[in-house]
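S.K.:
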C-alpha cells in the first residue's frame, strides 16, 4: 500500500488527559525508559540509558534552541491578545537571518483572541538589559488559519531575538493545561541547545544531563549534533482522513560537513563499527527531529545528483521516486561535491519529509523518543520505524502508567535487533 492510502484512524489510541505530563520531573534523567528490542519490551530509568547502547555507537542530537515565541498584548479595553510566531516571511525566510534582523520584520503567526484586535496597531513596552524599548505589531493579512503580523521596534539596533527574549514567553504545547512557571524557561530546553529558532522543543533531548553524557562517553559512545528548527506543526494531529490529504509542514535543517563526512566514512567502513559482541554499532537519533534530519540527507543528495539544487525535500519524494540502485554512498558523495563546489561548511535546507509506514530507512538504527499524540505524524514515524508493534508499546506504556508527551517519559526503540 502506498502511504498516501493510509487511513489516519489506523494510528490512534485512547489517551486520557491524566496521562499527559503537566510538569517535568525534578531531575531530568529520572524519567522512566521503555526499551523495545526485537519484539521485547523492558524498563529502566533514563539515567541508565548507556547500559542499553552498544559500545562505539553514535548518537545524534538536535541542538536547536526554543525561542520565546508567545507574546501577550493588551488592547485598549485591556483584553489579552496572544501572538504565537511560526515562520519568518519578510525580509528573510531563513530563521537565523530573521531572528537577528533589526528594526522590522513580518512573520506568519497564530493569534489567540484575534476578534479583540480592532486597533491598527498594538504596542508593548519592554526592558532589555535595563534599557527601555517598544514593540509594535500590525495585522497584515490572513493565510488559512494563520495571520501575517508585522513587527516594528525601537531602538532599532536591537536584534529581533533580543526583543523576543524580553517580550515573549516559553511556547509550551497546548496540551499542557497550566500557566507558565519560572522553571519552564530552563526545563523546556535541552542542556545542549545553542541554535535559536524553534517554537517547540525537541523533547526527547530533555532527559539528558551532564551525568548522562559522562556515562555515554565512558562507554566510548560518540555524540554529534545537527539542527532542525522545530515548527508548531510538528505536534499537531493529522486532521485528514487519509494521508494523501495531509500537507506536511516545512522545517529548516542545518547539518555540518563533519556529520556528512562521518556518515560517508561509516558507510564505506572506514570507521570501526564493531561493538564487543561483533555486530555493527548503530546510529541512534535522539528524537524524531534528529531522525528526520539525518534521513533527509539521503533525499537531498539524490535530488542534487539529478540536478535539483533547490535544497528542499517534498513530503512524497521518498515514495514517488525510484531509489533502487542509488546508494547512501552515492547520495553522500553528491552532497559533499555540492558543498565543495559552493564552498560550504554547512548545509542549510528545508524538509517536508513525511516518514510513514512504507518508508525505507537509510541511516537510523535506533530512536530515543517520547510518547506521542494519537493521529500525529510523529506516531506515523514510530510506526514506520518499528512496525505494528507500536501498538504493543503504547498499550504497555498506558497500562504501566508511563507519562506521555513533552514532559513525559522516554523510549529507546530499535529498528532491528541489537545486542545491548
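Numbering (this note's numbering), first residue to last: 8 to 427. A virtual CB, placed ideally from N, CA and C, is assigned to each residue, including glycine.
Taking the alpha carbon of residue 419 as the point to measure from, which residue in 191, 405 and 59 has its own alpha carbon closest?
M.R.: Answer by Cα proximity: 59.
S.K.: Near residue 240, what residues of its chain come up, given a Cβ to Cβ distance below 6 angstroms and the 5 sequence neighbours on each side ignored?
M.R.: Correct list, in chain order: 256.
S.K.: On the DSSP bridge assignment, give the partners of residue 115 in chain order.
M.R.: Note: residue 115 sits in a beta bridge opposite 94 and 155.
S.K.: Tell me whether residue 259 is buried or exposed, calling it buried when 16 or more other Cβ atoms sit within 10 Å of its Cβ.
M.R.: Residue 259 should be labelled buried.
S.K.: I need the straight-line Cα distance from residue 304 to residue 351, nearest angstrom please.
M.R.: Rounded to whole angstroms, residue 304 to residue 351 spans 15 angstroms at the Cα level.
S.K.: Under 8 angstroms between the Cβ atoms of residue 108 and residue 163?
M.R.: Not closer than 8 angstroms, so no.
S.K.: Excluding five sequence neighbours on each side, which residues of the same chain lie with their C-beta closer than 7 angstroms to the C-beta of residue 248?
M.R.: So the list reads 14 and 15, once near-sequence residues are dropped.
S.K.: Can you tell me which residues form a DSSP beta bridge with residue 245?
M.R.: According to DSSP, which records beta bridges pairwise, residue 245 is partnered with nothing at all.
S.K.: What is the DSSP secondary structure of residue 234, counted as helix, strand or coil?
M.R.: Of the three classes helix, strand and coil, the one that applies to residue 234 here is strand, per DSSP.
S.K.: Beta-carbon within less than 7 angstroms of residue 95's beta-carbon, same chain only, minus the 5 sequence neighbours each way: which residues are those?
M.R.: So the qualifying residues of the chain are 102, 105, 112 and 114.
S.K.: Starting from residue 345 and walking both ways along the alpha helix (DSSP H), at which residues does that stretch end?
M.R.: Taken as a continuous stretch (DSSP letters only), the alpha helix (DSSP H) holding residue 345 covers 335-349.
S.K.: Note down the Cα distance separating residue 282 from residue 63, rounded to an integer number of angstroms.
M.R.: Unreliable placement is indicated for residue 282, whose pLDDT of 47 sits below 50; no coordinate value is reported for it.
S.K.: Using the Cβ count rule (16 or more neighbours within 10 Å means buried), how would you classify residue 190?
M.R.: Exposed.
S.K.: If contacts are defined as beta-carbon pairs under 8 angstroms, then residue 397 and residue 44 qualify, I think. What distance do you get, rounded to the angstrom?
M.R.: About 14 angstroms separates the two Cβ atoms, so there is no contact after all.
S.K.: Using only the alpha-carbon positions, how far apart do residue 275 and residue 370 sit?
M.R.: Rounded to whole angstroms, residue 275 to residue 370 spans 13 angstroms at the Cα level.
S.K.: Please list, in chain order, all residues of the same chain as residue 7 whose beta carbon is under 6 angstroms from its beta carbon, the five residues on each side excluded.
M.R.: There is no way to answer for residue 7, as the model of the chain reaches only from 8 to 427.
S.K.: Counting Cβ pairs closer than 8 angstroms, one from the region 128-135 and one from the region 166-178, do we hit at least three?
M.R.: Cβ pair count under 8 angstroms is three or more, so yes.
S.K.: Tell me whether the region 382-395 and the region 336-351 touch, counting them as touching only if at least three CB pairs, one residue from each stretch, are closer than 8 angstroms.
M.R.: No, the region 382-395 is not in contact with the region 336-351.
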